[in-house]
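Worksheet: one structure, shown below.
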Amino acid sequence: MMGDKQKVLLTTLMVLLAAKCAPGAEDKASKSPLDELPAHITRVTHFGQRADFSHDGKRILFVEKTFGDVYEVDMETKIIRPMTHHYFHEGYTRGLYLSNGDILLSGARQFDVKNPWASRSDKNAELWVLKKDLSAPPVALGEKCSEGPAVSRKRMQIVWTQGGEFYSGGIVYEDGKPKLTKKKKVLAKKDLPFQCNLETQ
Numbered sequence: 066m067m068g069d070k071q072k073v074l075l076t077t078l079m080v081l082l083a084a085k086c087a088p089g090a091e092d093k094a095s096k097s098p099l100d101e102l103p104a105h106i107t108r109v110t111h112f113g114q115r116a117d118f119s120h121d122g123k124r125i126l127f128v129e130k131t132f133g134d135v136y137e138v139d140m141e142t143k144i145i146r147p148m149t150h151h152y153f154h155e156g157y158t159r160g161l162y163l164s165n166g167d168i169l170l171s172g173a174r175q176f177d178v179k180n181p182w183a184s185r186s187d188k189n190a191e192l193w194v195l196k197k198d199l200s201a202p203p204v205a206l207g208e209k210c211s212e213g214p215a216v217s218r219k220r221m222q223i224v225w226t227q228g229g230e231f232y233s234g235g236i237v238y239e240d241g242k243p244k245l246t247k248k249k250k251v252l253a254k255k256d257l258p259f260q261c262n263l264e265t266q
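Note that this note's numbering numbers the sequence shown so that position 57 is 122, with each residue one more than the last.
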């Protein structure tokens with residue numbers, strides 16, 4: 066005799082088998098959502114994540130993968146160009162357009178293959194500025210950042226998370242090199258009436 070657990074298991078298996086054998090079931094399983102995109106959605110690339118639109122909407126900046134290179138795609142031509150191939154780095158988790166067109170990057174100086182997620186924590190990930198003309202490697206701003214920062218579309222102002230707190234600051238250029246100024250704590254999670262993790266993105 067079968068017990069209740071065996072009856073439930075057998076019934077579940079029969080339902081799953083019947084669903085798999087139903088007309089059209091195999092056809093649906095073999096289709097990708099990309100095969101039936103709505104008319105207002107267009108696939109731009111075949112790879113990438115964490116997209117950021119340029120201020121004029123003509124380009125999209127994205128990372129190929131977490132801890133990867135940063136790329137830019139031109140929306141008119143669909144040409145994809147690498148933005149961080151011209152120097153050695155350990156991979157980035159974010160790339161964002163600053164209001165002047167330069168690029169704010171978040172990434173660690175060193176990458177640990179055995180513990181990759183440490184590279185996106187505020188103990189290891191740093192903020193960098195890459196010139197839009199790609200004439201040199203990025204310049205470190207001297208600040209650590211958990212996950213991704215946020216940028217102003219109109220001013221050279223950024224916000225980032227560090228140690229469970231939001232900070233804001235401005236970016237200025239001295240002798241052509243970016244520098245962070247006016248760092249200010251904006252919010253601390255310990256001051257909130259509930260528990261949460263803070264992320265500026």
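Beta carbons are placed, not taken as given, at the ideal position from N, Cα and C, and that holds for glycine. Just so it is clear, the structure is predicted and the values come from calculations on it, not from any experiment.
Problem - Sub-8 Å separation of V194 and I145 beta-carbons - result: no
Exercise for the section: Please confirm whether F118 and E129 have their CB atoms less than 8 Å apart. Expected result: no
Exercise for the section: Return the chain-ordered list of same chain residues with a C-beta closer than 7 Å to the C-beta of T226, the five sequence neighbours on each side being excluded. Expected result: D187, C210, S211, E212, L263, E264 and T265
Handout entry: Three-state class that DSSP yields for K209 in the structure shown
Key = strand
Practice task
With DSSP collapsed to three states, give me the class of E137.
Solution key: strand
Exercise for the section: State the start and end residues of the unbroken beta strand (DSSP E) segment that holds D117. Expected result: Q114 to F118
Handout entry: Supposed close pair Y232, V251 - CB separation, criterion 8 Å
Key = 6 Å
Problem - Y157 versus S164, M148 and L199, residue with shortest Cα-Cα distance - result: M148
Handout entry: Residue span of the beta strand (DSSP E) that contains L102, given as start and end
Key = It is not in any beta strand (DSSP E) - L102 carries neither H nor E in the DSSP assignment.
Practice task
Please name the residue, chosen from T131, F153 and D121, that lies closest to D139 on a Cα-to-Cα basis.
Solution key: D121
Practice task
Using only alpha-carbon positions, find the residue among S200, N180, E101 and I168 that is nearest to L126.
Solution key: I168
Practice task
Pick out whichever of Y162, G133 and K254 has its Cα sitting closest to the Cα of V178.
Solution key: G133
Handout entry: A201 - DSSP class collapsed to helix/strand/coil
Key = coil
Problem - Where K247 falls: helix, strand or coil (DSSP) - result: strand
Problem - Beta-carbon contacts of L245 that lie in its chain and below 7 Å, excluding the five residues immediately before and after - result: L206, G207, E208, G234 and I236
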